[in-house]
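Beneath this line is the structure, given in structure tokens, with notes to follow.
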Amino acid sequence: MPIYEYVCDKCGHEFEISQRIADKPLKKCKECGGKLHKKISNTSFVLKGTGWYKTDYAGKPAKEGKKEEKKSETAKKSSDKVSKTTAK
Numbered sequence: 144m145p146i147y148e149y150v151c152d153k154c155g156h157e158f159e160i161s162q163r164i165a166d167k168p169l170k171k172c173k174e175c176g177g178k179l180h181k182k183i184s185n186t187s188f189v190l191k192g193t194g195w196y197k198t199d200y201a202g203k204p205a206k207e208g209k210k211e212e213k214k215s216e217t218a219k220k221s222s223d224k225v226s227k228t229t230a231k
């Protein structure tokens with residue numbers, strides 16, 4: 144369950160409470176009965192880099208693998224050509 148932070152507009156009391164996402168937000172302060180509002184704070188979910196899968200992670204290993212395959216194919220073709228010319 145997510146932890147929500149609330150602040151009282153009247154007395155400034157701040158507190159955290161664990162609530163389900165479907166629960167309605169709290170409205171009254173337990174200390175003074177004043178109006179509460181949710182605080183916006185940091186999350187535990189942080190994106191690094193540009194934050195996009197496609198640009199940061201997708202396809203990088205596959206591209207390197209393709210380059211290695213191309214190198215091995217060209218090396219194989221050149222070795223085949225050498226063996227054919229020496230066999231004649």
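Residues are numbered in our numbering as their position in the sequence shown, beginning at 1, plus a constant of 143.
Glycine residues also receive a C-beta, built at the ideal position from the N, C-alpha and C atoms.
* To do: Go ahead and label L190 buried or exposed: buried means 16 or more other beta carbons lie within 10 angstroms of its beta carbon, across all protein chains shown.
  => L190 is exposed by the Cβ-count criterion.
* **8 angstroms Cβ shell around C154 - same chain, five flanking residues per side excluded** => For C154, where only same-chain residues beyond five positions count, the Cβ hits under 8 angstroms are C172, E174, C175, G177.
* Out of F158, Q162, D152, state which residue places its alpha-carbon closest to the alpha-carbon of M144. => M144 has its Cα closest to that of Q162, out of F158, Q162, D152.
* To do: Give the DSSP bridge partners of V150, in chain order.
  => Under DSSP, the beta-bridge partners assigned to V150 are E157, H180.
* Which residues does DSSP pair with K171 in a beta bridge? -> Answer by DSSP bridge pairing, in chain order: K178.
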